[in-house]
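See structure below.
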Amino acid sequence: MKRAILYIPIGIALIATSMSCNDTGKKGSNSAYEEKSASAANQVIEYTNAIVDLSNKNSDYVVRLVKNADRVEEILKGKSNPVFLGSIIKPVMIPTFNHNKISADKPVEALNKEDQAFFKEKVAGFTSSFDKLKATYAKLDDYLKAQDYKDDKGEKGLALADSIRNDAQSFFDQKIVLMKRVNEVADASEVIILKDSPLKDYIIAMKADMQAVRNYINLLEEGGEDFAKVSARAQTAYDALEKDQAAHAAIDQKNAEKESKASSYKSFYDSFHDFLLMAKRITRDAKDKGAITESELESLDNSLDTMIGRYNSFTK
Numbered sequence: 570m571k572r573a574i575l576y577i578p579i580g581i582a583l584i585a586t587s588m589s590c591n592d593t594g595k596k597g598s599n600s601a602y603e604e605k606s607a608s609a610a611n612q613v614i615e616y617t618n619a620i621v622d623l624s625n626k627n628s629d630y631v632v633r634l635v636k637n638a639d640r641v642e643e644i645l646k647g648k649s650n651p652v653f654l655g656s657i658i659k660p661v662m663i664p665t666f667n668h669n670k671i672s673a674d675k676p677v678e679a680l681n682k683e684d685q686a687f688f689k690e691k692v693a694g695f696t697s698s699f700d701k702l703k704a705t706y707a708k709l710d711d712y713l714k715a716q717d718y719k720d721d722k723g724e725k726g727l728a729l730a731d732s733i734r735n736d737a738q739s740f741f742d743q744k745i746v747l748m749k750r751v752n753e754v755a756d757a758s759e760v761i762i763l764k765d766s767p768l769k770d771y772i773i774a775m776k777a778d779m780q781a782v783r784n785y786i787n788l789l790e791e792g793g794e795d796f797a798k799v800s801a802r803a804q805t806a807y808d809a810l811e812k813d814q815a816a817h818a819a820i821d822q823k824n825a826e827k828e829s830k831a832s833s834y835k836s837f838y839d840s841f842h843d844f845l846l847m848a849k850r851i852t853r854d855a856k857d858k859g860a861i862t863e864s865e866l867e868s869l870d871n872s873l874d875t876m877i878g879r880y881n882s883f884t885k
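Using this note's numbering, you'd call the opening residue of the sequence shown number 570 and step up by one each time.
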């Protein structure tokens with residue numbers, strides 16, 4: 570499975586910036602959300618945030634399951650010492666407690682009827698896919714603990730690892746469909762919430778920067794083992810990121826200070842600066858080596874996650 574399938578969707582609902590329109594450029598069904606009250610818009614945003622929280626939590630866990638499955642396959646195929654199978658521990662999923670009345674599996678009435686039906690169906694399917702993955706991994710975990718690979722020469726273990734990857738592919742395919750609509754609905758509702766907000770300019774800047782960073786990481790991944798084919802485009806994209814970071818970090822802080830948000834805004838752009846430093850090191854090495862490694866791409870993803878976390882802190 571491509572790394573992008575695992576990591577690109579994570580946090581996508583937090584970083585989409587375009588206003589939702591249909592193919593003709595005219596307002597589509599999303600215009601109804603832009604005409605709702607601020608109270609209804611806030612309810613929609615709270616609901617989409619609940620989906621994002623569920624999605625990110627489950628996605629992170631699935632990533633860890635797939636990494637373990639890959640490791641199992643590597644060992645069973647004789648690329649590593651079988652004794653290491655005993656060191657593969659089932660990931661722990663820490664339960665979270667939702668003190669909000671709004672939950673992802675119960676679409677709010679502020680959504681239109683079509684979207685209520687859509688989210689009810691898609692969230693249920695998304696959750697079912699996640700549960701299926703956990704059940705398949707539980708079988709693999711039992712297989713390893715019982716050391717059944719000594720009886721079947723790893724045949725069942727390899728099949729289970731393959732099933733986990735295939736199920737993860739389906740899980741993330743469903744997530745992309747779900748998050749696409751989350752983006753559209755949240756963006757349309759955000760028009761109402763941000764209309765008269767003193768923080769509007771800051772939020773728009775941060776969201777645009779997170780999307781640009783995401784696009785940049787995707788471009789680097791496209792280069793993969795042949796960085797030369799994207800080197801020129803990557804440099805152009807990097808220069809644009811550097812320019813925007815400096816410009817947006819320097820936006821007048823008067824309104825942010827009034828809302829006690831200046832320090833969290835600065836924190837976001839400090840993390841953006843750190844991302845740029847890391848990207849510069851990685852791409853410099855890539856020019857010498859001719860490739861960018863999976864671990865380097867994951868480091869960039871983690872740095873973007875930090876930016877998203879600080880954006881969330883700003884908007885709380």
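Backbone N, C-alpha and C define an ideal beta-carbon position, used for all residues, glycine too. Because the structure is a prediction, the values reported are computed rather than measured.
Item checked: Proximity of residue 707 and residue 796 at Cβ, strictly below 7 Å -> If you number the sequence shown from 1, residue 707 lands on position 138. If you number the sequence shown from 1, residue 796 lands on position 227. No, Cβ-Cβ distance for residue 707 and residue 796 is not below 7 Å.
Next item on the list: Measure the alpha-carbon distance for residue 823 versus residue 768 and round it to whole angstroms.
Entry: The residue you call residue 823 lines up with position 254 of the sequence shown. The residue you call residue 768 lines up with position 199 of the sequence shown. If you take the alpha carbons of residue 823 and residue 768, they lie about 10 Å apart.
Checklist line | Through-space distance from residue 656 to residue 620, alpha-carbon basis | finding: Taking the first residue of the sequence shown as 1, we reach residue 620 at position 51. Taking the first residue of the sequence shown as 1, we reach residue 656 at position 87. Their backbone Cα atoms lie some 34 Å apart in a straight line.
Item checked: Nearest-angstrom Cα separation, counted from residue 754 out to residue 812 -> Working through the sequence shown from its first residue, we reach residue 812 at position 243. Working through the sequence shown from its first residue, we reach residue 754 at position 185. Straight-line Cα distance between these residues: approximately 31 Å.
Next item on the list: Whole angstroms is fine: what's the gap from residue 643's alpha carbon to residue 815's?
Entry: As a position in the sequence shown, residue 643 is number 74, starting the count at 1. As a position in the sequence shown, residue 815 is number 246, starting the count at 1. Rounded to the nearest angstrom, the two C-alpha atoms are 44 Å apart.
Check: Nearest chain B C-beta to residue 646 closer than 7 Å, yes or no?
Finding: Although the question refers to chain B, the structure presented lacks it and comprises just one protein chain.
Next item on the list: Give me the Cβ distance between residue 832 and residue 875, rounded to the nearest whole Å; I'm assuming they're in contact under 8 Å.
Entry: Working through the sequence shown from its first residue, we reach residue 832 at position 263. Working through the sequence shown from its first residue, we reach residue 875 at position 306. Between residue 875 and residue 832 the Cβ distance is about 16 Å, and since that is not below 8 Å, they are no contact.
Check: Where are the alpha helix (DSSP H) runs, 4 residues long or more, that stay fully inside the segment 815-873, in chain order?
Finding: 823-827 and 831-858
Notebook entry, point to check: What residues in its chain sit with their C-beta under 6 Å from that of residue 692, if we drop five residues either side in the sequence?
Noted result: Against the sequence shown, residue 692 aligns to sequence position 123. Here the set comprises 673 and 674.
Check: Out of 775, 758, 868 and 752, which has the shortest C-alpha to C-alpha gap to residue 790?
Finding: Against the sequence shown, residue 790 aligns to sequence position 221. Ranking the options by Cα distance to residue 790, first place goes to 868.
Next item on the list: Quick one: give me the first and last residue of the alpha helix (DSSP H) that residue 751 is part of.
Entry: Here residue 751 refers to the residue found at position 182 of the sequence shown. Note, residue 751: alpha helix (DSSP H), 724-763.
Check: Over what stretch of residues does the alpha helix (DSSP H) that includes residue 645 continue unbroken?
Finding: Within the sequence shown, the letter at position 76 stands for residue 645. Per DSSP, residue 645 belongs to the alpha helix (DSSP H) from 607-645.
Checklist line | Rounded Cβ spacing between residue 680 and residue 613 (contact assumed at less than 8 Å) | finding: In the sequence shown, residue 680 corresponds to position 111, counting from 1. In the sequence shown, residue 613 corresponds to position 44, counting from 1. So it is a contact: roughly 6 Å between Cβ atoms.
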